[in-house]
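Report on one structure; see the data block that follows.
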Amino acid sequence: MKKKYWDLASGIVLFLFSIVLYIGAMNVRTLEVSTFGSGFFPKIVAVMLALASLALIVGGIKTAKAADGAEEAKGNPRWKAVLATFTIMVAYAALLPFVGFMITTAVYLFLQINILSENRHRKPFLFAVVSIVTSVAIYYLFVKAFNLMLPAGFLG
Amino acid sequence: MLDLFAAGFASVLTLGSLFMIVLGVFVGIIFGSIPGLTTTMAVALCLPLTFGMPPAIAMSLLMGLYIGGTSGGLISAILINIPGTPASVATCWDGHPMASRGEAGKALGAGVVFSFLGTLLSIVALVFIAPPLAELALLFGPVEYFALALFALTMIGTLAGKQLTKGIIVGLLGLILAFVGMAPIDAYPRFTFGIHDLDGGFDILPALIGLFAVSEILNVAESEFSLKKENVLTNFKMKGFGFSLKEFWGQMYNMIRSALIGIGIGILPGIGAGTSNIVAYSVAKSQDKHPEKYGTGCLDGIVASETSNNASIGGAMVPLLTLGVPGDTVTAMILGGLMIHGLTPGPLLFIANGEVVYGIFASLIIANIVMLVMEFFGIRVFAKLLSVPKHLLLPVIFSLCVVGAYGLNNRVFDVWVVMLFGVIGYVLTKLKFPTSPMILGIILGPMAETGFRRGMQMNEGSFLMFFTRPIAVFFFLATAFMIVLTAVGNAKNRKKEGTKA
Amino acid sequence: MKSFKKVAILLVLALVASFSVQAQVKYPTKPIQVVVPANPGGDTDLNCRIMAKYLEKELGQPVIIVNVGGAGGSLATRKVKDSAPDGYTAVFFHPSMFLNKLMGLVDYNFDAFENAGIAVMDNTNIFVVNASSPYNDLNDYINAAKAKPGKVKFATETGGFTHLQILAFQDLTDTKLNVVDVGTASQKIVALLGKQVDAIGISYGIIKDYVASGKFRVIGVMSDSRNPMIPAIQTFKEQGVNMSFPKFFYYLFPRGTSQEIVGKFSDAIAKVAANPAAQAELNKFMVSAEYMSPSVATKYMLEQEAIFFKYQNLMMNAKIEKEEVKK
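Residue numbers (the numbering used here), protein chains in the order written: chain A, 705 to 860; chain B, 4 to 504; chain C, 8 to 334.
Listed below in structure tokens is the structure:
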């Protein structure tokens, strides 16, 4: 989707969301059967969101009608890198309770550093050392010195 | 009072105590400057270590941590655009742009000096007018909190600047996210879809880490590495504190106003530095003749943020020491610490343990000075540390963020919250929405709703309460004023540009 | 070769020894986490920290306090319930856990865990008023409530222990108060100091300095007989209101934790309770270390549960009733 349609699309999505929110607010279980129960504020916010998203839609229409302005591409966005980063972050969180902090962190660090650096800067050995040392250092500092519990997994 | 002060200083000017202060400030600065690790966490972790110590020394350590931690956040905020603690969120907004221009020294120097001044002013307030300030805090019932929250929410308009509609939307989204969890008053879960981990709602810390740190990492991943940009950031020249005497005097009004905001918010139980820095920044922007300069790297923004967050330290200590009621999360920990050492803060603390109280005052004063000196000499060290290439630094910071998020409640769920907010922050930025209003929404939403509903309970459902309570009325009027101001400002902008926000 | 044989024999002996040692579990071998379902600064957190200080000495390993406040304590209890039953995670809580089930916030109670016993007793549940108010004792308060139904205010935390207390009170004295939610102990203190409410329900230890300095007045304590640590306070029963609510603090381990481990922890609690230094520290806050072994504690807690559940309907219908009165 072209950039100029983004505002309009966002506005529509948000408007629909505000309707969903309002319906959800009507079903909130509450101890008080009164006008100002737990559903009250969410309803008000839902209405305000609906109004704001309508404003955005109106603005979005104007932007969409405008001529295709210079779609400045600031360099080449590295979408693959973004996706990769997101993926390993999710994997990190998912594996944390099972494999434990030290190992998952070391692996994450190694992968993330590789993603962020670009080919000309890659020094795998250095990265591996940094990953392992950092991970171990953090673990020992917080768990042993500060007695903060970190997921131990099956190895620690 | 003078003899009590003398006794206080005497108890603190011992080798053991001074060492603890220095250690506390040092550790505090480190915890404060690393995103994901907070002052509250530093105090929580060091609390068990204080059990064997005499109370005066334990307090020296904790005060050092408090001051070092609150101020330390500015370092990462300025140098890597990620706030070290929730207290330095607003510092990013002008601190980092200034650094990107090659003026990191000025930003850091200003941050350090005004952190010092903010703390100093709040210590003065604490020492000399704590009891009346405490009385003031007692006047704030639920209705007043509601009014105050409403007023602070209008700051969203100021922060959003030209993008008023989008800013409001993001603020509302923040409010909506804050609804998730147990509803105030009746405590039934709302919008949790049966997921029990959501019963507690979204904690502000993982949300902040996600919005700032994760989205920053995703942004860096997306853009190409620029050696030139990196060097500009870290190779800055610095003379003295980096800014001129003329500039210093120019910030006086800003500083005093921000300090008052910081102290005021600090004395109110339940809100502290995390809120005051954003509010002070917004107020500074709204009162400025040239609000557009905010966000581009202006000194005022940094001064407002760093003065107020440190001023909240003394502010939060007021209800703690006089009423035994904590002013923010850090003082809540300190309260636990005091009680474990057999000291009950409250009306009798000054009478029964006066020397301890004045020892605390003395520790605060000394720790403040230590912080100034340490950070001044440390500025170049920080810059060197942060000249470590981003592709090495950011992942390490993320893993520390994971520690911070997990350590909050000991659950991996909070790490998932970080991810969620990271995505939200990234998507918002990509769609050209401002992210700063979201924080206001998350912090102030619960305060507004709880205040309103409790107020209703207390006044048996009558709306009269909104009109008869002077403090509340003041804030309602201020709210209305801000709304009008923002609307007018926005209309003016639109006329100027002929396009809709 | 000789030395090799020696080493081999030693190794075999060590292996045999380790197998026999495994029959008797070594506990604890690493720090133990005690989860507190409250934020720091309140009485639950304080009692737990004091206990932890002494438990560490008995157990020989650090006892780490983890605060998981929120959701009435259900976040903490749920977390421990789902933790590994290896004896290194426990929860320290009080009657509010029963209330979580009563209100439908969770569907389990303490019997979904292994009970390590009761450690601390708090018989200082009181109603407190601001010293400037006209209420000198419970009956003044009751009379005022009868004179102006639904107007006299009482501050509590919805779903908390004091909420149950006030419902029982209203039921027993046939009064209707304006029960408002103000939140935590600190917030109750602020509300009472600021005269925003007429009375609060709280533990004595937290507000003792306010009584001593003349700012607060205690109008009754909910124990069976006068508490020797605060002998001047009349009990509710003395004043004609037949209610008694002790606040008991206990440790729970996840279901499935070995009885041996629970037993060792429980023994440690017993030793701490018998320790005069620990007792003195707790007494400073008007609570006392009183040990009840797992079986005794379970019986006691079941009895208490029955008492609480008598008020379940009251609790669930409380707000609806109030609305109808208004109309």
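Positions of the beta carbon are idealized from the N, C-alpha and C atoms, including for glycine.
If you're wondering where the values come from, they're calculated on a predicted model, not measured in any experiment.
Kindly indicate which three-state DSSP category residue i falls into: helix, strand or coil?
i: C:V189; result: coil
i: C:S210; result: strand
i: C:M128; result: strand
i: B:R383; result: helix
i: C:L321; result: helix
i: B:V223; result: helix
i: B:F470; result: helix
i: A:G741; result: coil
i: C:R224; result: strand
i: C:A97; result: strand
i: C:K254; result: strand
i: B:E463; result: coil
i: B:G204; result: coil
i: B:F54; result: coil
i: B:F149; result: helix
i: B:P322; result: helix
i: A:Y726; result: helix
i: B:P209; result: helix
i: C:K6; result: This structure does not reach residue 6 of chain C, given that chain C is present from 8 up to 334, and the question cannot be answered.
i: B:T438; result: coil
i: B:G98; result: helix
Comparing the C-beta of residue i with each C-beta of chain C, is any distance below 8 Å?
i: A:N851; result: yes
i: B:H293; result: no
i: B:M56; result: no
i: B:N412; result: yes
i: B:E463; result: yes
i: B:R457; result: yes
i: B:G407; result: no
Between residue i and residue j, what straight-line distance do the alpha-carbon atoms span, to the nearest angstrom?
i: C:S351; j: C:K244; result: Look at the range of chain C in this structure, 8 to 334, and you will see that residue 351 of chain C is not part of it.
i: C:Q29; j: C:E65; result: Note that C:Q29 scores 47 on pLDDT, short of 50, meaning its location in the model is unreliable; the coordinates nonetheless yield the value given after this. Rounded to the nearest angstrom, the two C-alpha atoms are 22 Å apart.
i: B:S366; j: B:E138; result: 25 Å
i: C:Q68; j: C:Y61; result: 11 Å
i: B:L324; j: B:N371; result: 19 Å
i: B:S118; j: B:A128; result: 16 Å
i: B:E378; j: B:T73; result: 12 Å
i: C:K254; j: C:M128; result: 6 Å
i: C:A338; j: B:M185; result: The structure shown does not extend to residue 338 of chain C, since chain C is modelled only from 8 to 334, so the question has no answer here.
i: C:T169; j: C:G124; result: 23 Å
List the residues that DSSP assigns as beta-bridge partners of residue i.
i: B:G184; result: B:R193
i: C:M299; result: C:I125
i: C:P261; result: C:F120
i: C:N74; result: C:V43
i: C:I133; result: C:I209, C:V228
i: C:T242; result: C:V228
Quick one: is residue i near chain B, going by C-beta distance under 8 Å?
i: C:A91; result: no
i: C:V156; result: For the sequence presented, residue 156 of chain C should be read as Pro rather than Val. With 8 Å as the cut-off, C:P156 does not count as an interface residue toward chain B.
i: A:T791; result: no
i: A:L813; result: yes
i: A:V737; result: Because A:V737 carries a pLDDT of 49, less than 50, the predicted location of this residue cannot be relied on, and the following value inherits that uncertainty. No, no contact with chain B.
Is the CB of residue i under 8 Å away from at least one CB in chain A?
i: B:Y148; result: no
i: C:Q40; result: yes
i: C:I71; result: yes
i: B:V399; result: yes
i: B:V418; result: yes
i: B:T168; result: yes
i: B:Y69; result: no
i: B:G206; result: Reading off the sequence shown, one finds Asp at residue 206 of chain B, where the question assumed Gly. No, B:D206 lies away from the interface with chain A (no Cβ there is under 8 Å from its Cβ).
| field | In chain order, each alpha helix (DSSP H) run of at least 4 residues that lies wholly inside the segment 241-315 of chain B | value | 248-253, 255-270, 276-290
| said: I'd like the ranges of any beta strand (DSSP E) spanning at least 3 consecutive residues and lying wholly in the segment 135-200 of chain C. | reply: 160-163, 185-188
| said: As an exercise, report each continuous alpha helix (DSSP H) stretch of at least 4 residues that is fully enclosed by the segment 762-842 of chain A, in chain order. | reply: 783-803, 805-820
| alpha helix (DSSP H) segments (min. 4 residues) lying fully within the segment 368-426 of chain B | 393-412
| message | Runs of 4 residues minimum, wholly inside the segment 39-89 of chain B: which ones carry the alpha helix (DSSP H) assignment? | response | 42-49, 58-83
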